[in-house]
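*Asks:*
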Amino acid sequence: MPRLLLSGLLIVPLFLAGCGSGAFKQDAPDVVVVDSRDGQTPGPESGADESRQEQPESTGKPAETGVDEPRPPAGPAIELSLTAEQLRWVGTQIYLNECAGRFRCLVHWNENEAFPSLGIGHFIWYPEGVDEPYQESFPALIDFMVDNGTQVPGWLTELEPFEAPWPNRAAFIEKESGGQVQALRDFLSSTRGQQVRFIFQRASASLGKVLEAAPAAERERVAGYLEALAETPGGTYALMDYVNFKGEGLEPSERYQGQGWGLLQVLLAMEPEPEQAVLDAFRDAAGRVLTSRAENADNPVERERWLQGWLVRLETYREPPQAPLL
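Numbering (mature numbering (1 follows the signal peptide of the UniProt record, and there is no 0)), first residue to last: -25 to -1, 1 to 301.
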């Protein structure tokens, strides 16, 4: 299926995912229209239906990039473009990365965490009174679905305020086999297509911010890497997954010993060898950045348990193997 670009807008045909196994099902066609200049998704066009995310909430402070300088416009927008088949492939990859394709993992509460993670992207949802340094993304996902005409479970829309209904992990475990959690898993399984569209939009919106935050002397180089990655489905997948997985790297609180680990830091760490594919260079740089994070962490669990899983995840940053996706 060809990519469609029209008047600066990105149009990605998409088929909504079905429920059940990890494979995405083709259903009624849908059209996603993303303005890459701001990442917003307008209403329906032409009659069509419309880390772990480690990106802390804004502190109101400028990003620390090592350069104290004015920020001129970063240049022309960098557009992400995927066909429907490619977008389904990306969604399946992210579901495997976060949940190993397991249905039960669509609503999950990890040990030693103060919040549950939901959906194919393990979107964070805070209970009442929980204040963690990570961006809460599940409410934004539900807003995205409602805005695009998806019917969400009635009890979700009735929550006021919109907070996770389980105060802690023990309470969640007690209710996990009940009908509410099972119905929520069914809902998240049946809307995998919407979730990958949400991740796509978030990544699209992040590119301009990352480029603008780059030091002026590095901005042209960073823009070249982003443009090259955005030209292929594997590179687009890497950008989408990394932003969903480790964030943009723009907040001062995303630092261990002064070093960040988001998309910006990976792009700045890229050192392609002669003739090396940009996606391979991105994967190598991400490995160095995450290894540095684990080495700088106060909690040894990052070195002893998490790092190996992160590096395995990075190995999926390759072009799709099936010719029809290319």
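Glycine included, C-beta positions come from ideal geometry on N, C-alpha and C.
1) Identify the residues that DSSP records as bridge partners of Phe98: which are they?
2) Quick check: what's the CA-CA separation for Gln234 versus Pro208?
3) Which residue comes first and which comes last in the alpha helix (DSSP H) that contains Cys74?
4) Please state whether DSSP places Phe(-2) in a helix, a strand or coil.
5) In the DSSP assignment, what are the bridge partners of Ala139?
6) With which residues is Gln234 paired in a DSSP beta bridge?
7) CA-CA distance, Pro91 and Phe147?
8) With respect to the alpha helix (DSSP H) encompassing Tyr217, which residues constitute its N-terminal and C-terminal limits?
9) Where does Val82 fall in DSSP's three states?
10) From what residue to what residue does the alpha helix (DSSP H) around Arg280 run?
11) Tell me whether Ser132 sits in a helix, a strand or coil according to DSSP, three-state version.
12) Since Gly222 and Gly210 should fall inside the 8 Å C-beta cutoff, what is the C-beta to C-beta distance between them, to a whole number of angstroms?
13) Going along the chain, which residues of its own chain have a beta-carbon closer than 7 Å to the beta-carbon of Tyr70, five neighbours each way excluded?
14) Determine the closest residue to Pro102 out of Asp259, Pro140, Glu270, with distance taken between C-alpha atoms.
15) Return the CA-CA distance between Pro247 and Glu133, expressed in angstroms with no decimal places.
16) In the DSSP assignment, the alpha helix (DSSP H) including Gly124 goes from what residue to what residue?
17) Note down, one range per segment and in chain order, each alpha helix (DSSP H) of at least 4 residues found wholly within the segment 240 to 271.
18) Thinking just about the alpha-carbon of each residue, which of Gln232, Met245, Leu225, Phe113 is nearest to the one in residue 374?
19) I'd like to know whether the C-beta atoms of Phe162 and Pro128 end up nearer to each other than 7 Å.
20) By the three-class DSSP mapping on this structure, what secondary structure does Pro190 have?
21) Excluding the 5 residues flanking Ala260 on each side, which residues of the same chain have their C-beta closer than 8 Å to its C-beta?
22) Kindly indicate which three-state DSSP category Ser26 falls into: helix, strand or coil?
23) CB-CB under 7 Å to Trp253, same chain, minus the five flanking residues each way: which ones, in chain order?
24) Note the first and the last residue of the continuous alpha helix (DSSP H) segment covering Arg77.
25) Mind checking residue 324: buried by the 16 CB within 10 Å criterion, or exposed?
26) Roughly how far, in whole angstroms, is the beta-carbon of Phe257 from the beta-carbon of Tyr292, given that I think they are within contact range, below 8 Å?
27) Straight-line CA distance for Arg172 to Ala158?
28) For the candidate residues Ala191, Gly183, Ile99, Phe119, whose alpha-carbon lies nearest to that of Glu54?
29) I'd like the span of the alpha helix (DSSP H) that includes Asp161, first residue to last.
30) How big is the Cα-Cα spacing for Cys80 and Glu151?
31) Distance check for Arg63 and Val287, CA to CA, integer angstroms please.
32) When you compare only the Cα positions, how much space is there between Glu290 and Asn143?
*Replies:* The relevant details are as follows:
1) Leu93
2) 29 Å
3) 59 to 74
4) Residue placement at Phe(-2) cannot be trusted, given a pLDDT of 35 that sits under 50; the coordinates are not used to answer.
5) Pro102
6) Tyr231
7) 8 Å
8) 208 to 221
9) strand
10) Per DSSP, Arg280 belongs to no alpha helix (DSSP H) and is neither H nor E.
11) According to the sequence displayed, residue 132 carries Thr and not Ser. Here Thr132 sits in helix by DSSP.
12) So it is not a contact: roughly 18 Å between Cβ atoms.
13) Gly(-4), Gly76, Ile95, Arg167
14) Pro140
15) 51 Å
16) Run containing Gly124: none; DSSP gives neither H nor E here.
17) 253 to 271
18) No statement about residue 374 is possible, as the shown extent of the chain runs from -25 to 301 and does not include it.
19) yes
20) coil
21) Val241, Leu242, Ala244, Met245, Glu246
22) Low per-residue confidence applies at Ser26: pLDDT is 42, beneath 50, and the placement is therefore not dependable enough to give any value.
23) What sits at residue 253 in the sequence shown is Val, not Trp. Excluding positions up to five away in sequence, the list reads Tyr200, Ala203, Leu204, Gly210, Pro247.
24) Premise fails: Arg77 is in no alpha helix (DSSP H) and is neither H nor E.
25) Outside the modelled stretch of the chain, which goes from -25 to 301, sits residue 324, for which no answer is possible.
26) 7 Å
27) 22 Å
28) Gly183
29) 154 to 165
30) 11 Å
31) 21 Å
32) 34 Å
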